[in-house]
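For reference, the structure is listed below as structure tokens.
Have a look at this one:
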């Protein structure tokens, strides 16, 4: 995989004109679906994801849903079914990528992503408050342009916030890459933030999700060959990117809250007095 | 389907309490593996890996097929994982559990996507004939850390495997039986190994290697790192679970690298031993016309 | 006491000389009692159904086959370590061995238990209990109190500690009245002589519970290591089938490692 100049030119600009440490435009909305307990819509560049959260509800007929094949990914449902179960269901639309490829229900990559999102959120959600119940997260991928897993995690976090499920903090995710190829041990290689589809194909990259503003990594997925020495730089950039993403998600949630107060959909609570409503 | 038995509260609490005192139930150090054993079968390409009470068998096989139309110059390489009821009554045939899906994904990412096997070398006639290499992974007994054992077994089986020799003359493809020509090894580029860390404690502050089944049931998160001896990461998978400090993960990676080097040396030694065992008496014995009596 | 223990295989003919008879004419004729692994085919044949050692006890007029099976079959008056899996309106459902039907443990079968004072056991707790009812077609029942005396006799919930899995044969050997002479297990006594303070409970379902008694200073740190050493000693004696002399060596080695 030779690094051609189209990906990273001497002007240190990437194909889409970003610098190494710039995120793509993130646009997000919450409460997009009136019928759902919680919902969100998220764009990271051209990656577009919708999320709907149902629950916590009584578990459906499919008990002990640890069997991933049926589309659910049972999260660590603690001791003898003490905690709520987080089920994630990902649908990748046929028109979402350039070549129309039908992915079956049993696609292992999708199952792996389902289980990753479920386990990442289960660690942040206070599932012990809802014994014997389940939280269903449905994710729909409308368009893919790299950083898919990160977008899914971010959308799921927003929808859980909208659903009002108590959680420790945001789980914010983004990707990081490196301009070095796996074989070359060039010290001059730069880390990159937020890879798009083309960069993801050509360069080594990883997906990081952190909890809130801390440096604690909830998800770390790397699927390409890369020198061990590159990892530190990529991880640092990734974690930093996650903090930026967290800021953006937080702004979206606050914005929506402010709007809802203005419209009078919710009572302005006493605790909200310090919140500036213009 | 009977449910997997869960450990009692006493066991959960004790495992944690002991770990906080740096004690493991089998007296190992936190970063110590159980004794790893590897035996090759009489056939080429059969590897039986034992890691404590965990046992995994991998068998590689080859056949000539038609390549995929979108990749006419590549051979076909597949890894099939099977967790049968032999391992535990909680596993059912033909109904992959989440564990099984994750293991096969990890093996695929570690061995196939990292380009450990040169698939272009499997091509015989472009667009018409190619080798299809298949590795079947059977888990015979499950006492934790299936991933590391399975990955080691797959790599060992593939490196031990010999496919029949072929030749192309005037557009005619000949596949030779082992009697006609000695089978040839696969074109192998690098050997990746999986190293799995398990995290314990409220904030995932206790990390240990090679967890047993009981420890796996109690852990709050895990991170599988695949590396080869050249210090290349082939894959990292921390799929959710309790968040762990980024710095701790970097340390884990460095320890994992030294473990991968140990594994690599161990496998090289075992392969050399096996080659010696097969090559009794060297070339002279091969040339001798004397029969066994 | 018959010292020889012949090996029998399923379907073997048991020589009549081995079948105990009430040789003592003064005593009242006791009926012959057959234990596990033996089957009576009328009129007078006794056939072993499993492979193992035939054990006869003439003075009790009983015989059985001692064998090491891997699945536990509940038998009345066995002492077992059960894991509570859930609680019903009147019973706890407790699991004796994995992948088998749960046993029932009435809420009130604890020492001094009334509707109000009964112990509240969350799922996953351990109890030391006695099997009261076991037959082929029903779920077994267990109790934590002697129904005759109303005393616990050491039964009841097990707090803290750790459970180790051992083979069923080894559990029976540990439970023998004279485990040292008959069962050839000395490992617990040896560990005690080394100055380790711990308590154990052995369940016939192949589980042994070990807990470290906190020492005089209340030093908790000693406990986990002690428990691990005891558990490892038991498991190694079991899996490697160690004799008394080897057990002695093992205990020396483990205790040295610990300190």
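Protein chains in written order, with UniProt numbering: chain C, 1 to 278; chain U, 1 to 293; chain A, 1 to 259.
Just so it is clear, CB atoms sit at the ideal spot from N, CA and C, and this is done for glycine as well.
Selected residue, minimal CA-CA separation from residue i, among the options
i                      : options                    : result
residue 37 of chain C  : C/191, C/159, C/237, C/245 : C/159
residue 198 of chain C : C/144, C/157, C/229        : C/144
residue 89 of chain C  : C/113, C/213, C/218, C/102 : C/113
residue 29 of chain U  : U/267, U/258, U/209        : U/209
residue 71 of chain U  : U/214, U/40, U/192, U/127  : U/127
residue 240 of chain U : C/17, C/150, C/28, C/29    : C/150
residue 108 of chain U : U/86, U/78, U/93           : U/78
residue 163 of chain A : A/73, A/75, A/209          : A/209
residue 145 of chain A : A/154, A/139, A/138        : A/154
residue 243 of chain C : C/137, C/23, C/14, C/102   : C/23
residue 59 of chain A  : A/242, A/30, A/149, A/67   : A/30
residue 364 of chain U : U/201, U/4, U/95, U/225    : Residue 364 of chain U is absent from the model: chain U starts at 1 and stops at 293.
residue 240 of chain C : U/238, U/236, U/15, U/246  : U/246
residue 208 of chain C : C/219, C/215, C/200, C/138 : C/219
Proximity test, Cβ basis, 8 Å: residue i and chain U
i                      : result
residue 173 of chain C : no
residue 49 of chain C  : no
residue 122 of chain A : yes
residue 200 of chain C : no
residue 87 of chain A  : no
residue 85 of chain C  : no
residue 273 of chain A : With chain A represented from 1 up to 259, any question about residue 273 of chain A goes unanswered, as that position is not in the structure.
Between the CA atoms of residue j and residue i - distance to the nearest angstrom
i                      : j                      : result
residue 76 of chain C  : residue 125 of chain C : The predicted position of residue 76 of chain C is uncertain, since its pLDDT is 38 and thus under 50; no value can be drawn from it.
residue 125 of chain U : residue 163 of chain U : 16 Å
residue 217 of chain U : residue 33 of chain C  : 38 Å
residue 57 of chain U  : residue 140 of chain U : 7 Å
residue 274 of chain U : residue 262 of chain U : 18 Å
residue 62 of chain U  : residue 133 of chain U : 5 Å
residue 79 of chain C  : residue 156 of chain C : At residue 79 of chain C the pLDDT is 41, less than 50, meaning the model places this residue with poor confidence and gives no usable figure here.
residue 101 of chain U : residue 171 of chain A : 38 Å
residue 194 of chain U : residue 220 of chain U : 19 Å
residue 112 of chain U : residue 261 of chain C : 54 Å
residue 108 of chain C : residue 120 of chain U : 25 Å
residue 8 of chain U   : residue 17 of chain A  : 48 Å
residue 179 of chain C : residue 231 of chain C : 12 Å
residue 221 of chain A : residue 234 of chain U : The predicted position of residue 221 of chain A is uncertain, since its pLDDT is 48 and thus under 50; a value taken from the coordinates is nonetheless stated next. Answer to the nearest angstrom: the Cα atoms are 41 Å apart.
residue 91 of chain C  : residue 242 of chain U : 26 Å
residue 187 of chain U : residue 198 of chain A : 58 Å
residue 74 of chain C  : residue 264 of chain U : Note that residue 74 of chain C scores a pLDDT of 40, beneath 50, so its modelled location is shaky and nothing firm can be said.
residue 67 of chain C  : residue 96 of chain U  : Because the pLDDT at residue 67 of chain C is just 35, under 50, the model does not fix this residue reliably, and the value given afterwards should be weighed accordingly. When rounded, the distance between both Cα atoms is 7 Å.
residue 248 of chain U : residue 26 of chain C  : 30 Å
Residue i: contacting residues in chain U (beta-carbon distance under 8 Å)
i                      : result
residue 215 of chain C : 245, 246, 247
Residue i in three-state terms, based on DSSP
i                      : result
residue 212 of chain A : strand
residue 89 of chain C  : strand
residue 161 of chain U : coil
residue 48 of chain A  : strand
residue 157 of chain C : helix
residue 124 of chain C : helix
residue 193 of chain A : helix
residue 172 of chain C : strand
residue 2 of chain A   : Confidence is the limiting factor: at residue 2 of chain A the pLDDT is only 45, short of 50, which leaves the residue's position unreliable and the question unanswerable from this model.
residue 69 of chain C  : In this predicted model, residue 69 of chain C has a pLDDT of only 29, less than 50, meaning its place in the structure is not dependable; the value taken from the coordinates is given anyway. Looking at residue 69 of chain C - three-state DSSP - the assignment turns out to be helix.
residue 270 of chain A : Absent from the model: residue 270 of chain A. The displayed extent of chain A is 1 to 259, so no value can be given.
residue 210 of chain U : coil
residue 242 of chain C : helix
residue 11 of chain A  : coil
Closer than 8 Å to chain C by CB, residue i
i                      : result
residue 129 of chain U : no
residue 196 of chain U : no
Any C-beta of chain A under 8 Å from that of residue i
i                      : result
residue 11 of chain U  : yes
residue 100 of chain U : no
residue 23 of chain U  : yes
Closer than 7 Å at the beta carbon, the chain C residues around residue i
i                     : result
residue 59 of chain U : Per Cβ cutoff of 7 Å: no residues; residue 59 of chain U is ~21 Å from chain C at best.
Contact list for residue i against chain A, beta-carbon separation under 7 Å
i                      : result
residue 211 of chain U : Simply none; closest approach about 16 Å.
Under 9 Å from the C-beta of residue i: neighbouring residues of chain A
i                      : result
residue 203 of chain U : Ordered by position in chain A, no residue passes the 9 Å Cβ test against residue 203 of chain U, which lies about 21 Å from the chain.
residue 89 of chain U  : 98, 99
9 Å Cβ cut-off: residues of chain C touching residue i
i                      : result
residue 241 of chain U : 76, 119, 120, 122, 123, 218, 219
Check: residue i C-beta below 7 Å from any heavy atom of the ligand COA
i                     : result
residue 28 of chain U : Absence of the ligand COA is noted for the structure shown, with no ligands found whatsoever.
Residue i: contacting residues in chain C (beta-carbon distance under 8 Å)
i                     : result
residue 81 of chain U : Correct list: empty, because the minimum Cβ distance to chain C is about 10 Å.
Contacts of residue i in chain U (Cβ-Cβ under 9 Å)
i                      : result
residue 160 of chain A : 10, 13, 14, 17
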